[in-house]
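*Asks:*
In the numbering used here, the protein residues as written are 106 to 424.
1) In angstroms with no decimal places, state the Cα-to-Cα distance between residue 62 and residue 158.
2) Output yes or no for whether 8 Å exceeds the beta carbon distance between residue 135 and residue 163.
3) Should residue 153 go down as buried or exposed, given a rule of 16 or more other Cβ atoms within 10 Å for buried?
4) Pick out whichever of 357, 309, 190 and 179 has its Cα sitting closest to the Cα of residue 120.
5) How should residue 424 be labelled, buried or exposed, when 16 other C-beta atoms within 10 angstroms of its C-beta is the threshold for buried?
6) Quick one: what does DSSP say residue 159 is sitting in, helix, strand or coil?
7) Since residue 208 and residue 419 are thought to touch, with beta carbons under 8 Å apart, how far apart are those beta carbons, to the nearest angstrom?
8) Note down the Cα distance separating residue 360 from residue 306, rounded to an integer number of angstroms.
9) Taking all protein chains shown into account, do 16 or more other C-beta atoms lie within 10 angstroms of the C-beta of residue 377, making it buried, or fewer, making it exposed?
10) Just verifying my parser: in three-state terms, what is the DSSP assignment at residue 125?
11) Going by CA-CA distance only, name the one from 195, 302, 276 and 345 that's closest to residue 370.
12) Please classify residue 383: is it buried, with 16 or more other beta-carbons within 10 angstroms of its beta-carbon, or exposed?
13) Whose C-beta lies closer than 6 Å to the C-beta of residue 110 among residues of the same chain, with five residues either side of it excluded?
14) Using the Cα positions of residue 302 and residue 400, report the straight-line distance between them to the nearest angstrom.
15) Can you check whether the CB of residue 345 is closer than 8 Å to the CB of residue 169?
16) Starting from residue 256, trace the alpha helix (DSSP H) both ways and give me its first and last residue.
17) Given a threshold of 16 other Cβ atoms within 10 Å of its Cβ, counted over all protein chains shown, does residue 281 qualify as buried or as exposed?
18) Between the segment 348–356 and the segment 305–321, do three or more beta carbon pairs fall short of 8 Å?
19) From the DSSP output, in three-state form, read off residue 247 for me.
20) Provide the residue span of the beta strand (DSSP E) that contains residue 373, from first to last.
21) How big is the Cα-Cα spacing for residue 290 and residue 326?
22) What separation, rounded to the nearest whole angstrom, lies between the Cα atoms of residue 417 and residue 248?
23) Around the Cβ of residue 238, are there at least 16 other Cβ atoms within 10 angstroms (buried) or fewer (exposed)?
24) So is residue 262 buried or exposed if we call it buried at 16+ other beta carbons inside 10 Å?
25) With DSSP as the reference, identify every bridge partner of residue 418, one or two as the case may be.
26) Given that a residue counts as buried once 16 or more other Cβ atoms are within 10 Å of its Cβ, and exposed if not, what is residue 174?
27) With burial defined as no fewer than 16 other Cβ atoms inside 10 Å of the residue's Cβ, what is the status of residue 118: buried or exposed?
28) Thinking just about the alpha-carbon of each residue, which of 203, 189, 172 and 202 is nearest to the one in residue 195?
29) How would you label residue 203, buried or exposed, when you count the other beta carbons within 10 angstroms and need 16 or more for buried?
30) Could you tell me the alpha carbon to alpha carbon distance between residue 421 and residue 415, rounded to whole angstroms?
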C-alpha cells in the first residue's frame with residue numbers, strides 16, 4: 106500500500122465521424138486522481154483520431170486486484186445518441202503488504218550445519234549451490250534429475266558451505282478470524298513481510314506457512330529456501346492471504362515437510378491463547394525452537410515469552 110501505478114488507456118476513432126468519448130476505469134484497491142476507486146476521463150475525437158488517457162493510481166490496501174476492464178461511452182457531439190461497451194484485457198495486480206523498518210529482536214537459532222567453510226557431515230537440501238557430474242559412491246538422493254536430463258548424464262547437487270540458518274515464519278489466521286480483528290491482521294502481515302525482508306537481506310533461508318484461505322491458488326506454504334525468487338513468492342502469499350482460517354496451524358505444520366532439521370520458527374498470532382500454546386508445545390516436542398509474536402494481549406492472560414507486533418514495527422512506534 107502507498108505505491109503508485111501508472112495506468113494508460115488508449116482509444117482510437119476508426120470512423121469518419123467525430124465522437125464524444127467518456128472512459129471509466131474501475132480500480133478496486135486503488136485510489137484514483139479524484140480520490141475515488143475509479144479513474145475517469147472525457148475527450149472529443151475527430152475522424153480517425155487517437156487519444157490516450159493517463160492516470161496515476163495509488164494502492165490503498167494489500168491484496169490481489171484486477172485492472173484493465175474499462176467502460177467506454179461514445180456518441181455524437183450533441184449527446185443525442187450514445188453507446189457503452191466494456192473493453193480491455195484485465196490484468197492481475199498483486200499488492201504486497203507494507204514493508205517498514207523493524208526493531209532487532211533475538212531469533213531462535215540452531216547452527217547444525219557448521220560455520221562458513223566447514224565440511225558438514227550432513228548435506229542441507231535448502232542450500233543448493235549448483236550441480237556437477239555424479240561421483241560414484243555418493244548418495245543417490247543427491248542426484249539432480251532435471252540437470253541429468255538436460256546434460257544426458259548423471260548430475261549431483263552441490264551444497265553451499267556457509268553458515269546455514271533456516272527460519273520458518275508461521276501465521277495463525279484462526280485467532281484473527283475468530284475475533285474479527287481485521288486491523289490487527291493487516292498490521293501483523295506487515296510485520297511478517299518486514300521480518301522476512303530483513304532475514305532475506307541477512308542471508309537467512311526463509312519460509313512461510315499460513316492456515317488461511319489463499320486467493321487464486323491452493324498453496325498455503327513457501328518452502329524454506331534461499332534463491333532470487335524466494336522473497337517475491339513469500340510476499341505474494343502474504344498478499345493473497347485472507348482473514349478466513351482453513352485448518353488449525355498445528356495441523357498445517359504436520360501436513361507436510363515444513364520443519365526440516367535445524368529450522369527455527371517465528372509464529373505470528375492474534376493473541377497468546379490456548380490454541381497458540383498448543384502449537385508452541387507441539388513445536389517444542391519436535392525440538393523446534395520458536396518465539397511468539399502477537400498482535401494484542403489476551404484479556405486476563407500474561408504474555409510470557411511473547412512479543413507484541415507494535416514492539417517490532419518501528420514505524421508503528423513513532424505514530
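Even for Gly, the Cβ is constructed at its ideal location relative to N, Cα and C.
*Replies:* Inspection of the coordinates gives the following:
1) The structure shown has nothing for residue 62, since the chain only spans 106 to 424.
2) Yes, these two residues count as a Cβ contact at 8 Å.
3) exposed
4) 179
5) Caution applies to residue 424, whose pLDDT of 47 falls short of 50 and renders its modelled position unreliable; the value that the coordinates give is listed next. Exposed.
6) strand
7) By a beta-carbon distance limit of 8 Å, residue 208 contacts residue 419. Their separation comes to about 6 Å.
8) 29 Å
9) buried
10) Residue 125: strand per DSSP, three-state reduction.
11) With distances taken between Cα atoms, residue 370 lies closest to 276.
12) Exposed, because fewer than 16 other Cβ atoms sit within 10 Å of the Cβ of residue 383.
13) 162
14) 19 Å
15) Yes. Within cutoff.
16) 250–256
17) Within a 10 Å sphere around the beta-carbon of residue 281 sit 16 or more other beta-carbons, which makes this residue buried.
18) yes
19) It is helical.
20) Here the beta strand (DSSP E) through residue 373 covers 368–374.
21) Taking the straight line from one Cα to the other gives about 18 Å.
22) Residue 417 and residue 248 have their C-alpha atoms some 42 Å from each other.
23) Exposed: under 16 other Cβ atoms inside 10 Å.
24) buried
25) 207
26) exposed
27) buried
28) 172
29) buried
30) Annotation note: pLDDT 49 at residue 421 (below 50); position unreliable, no value reported.
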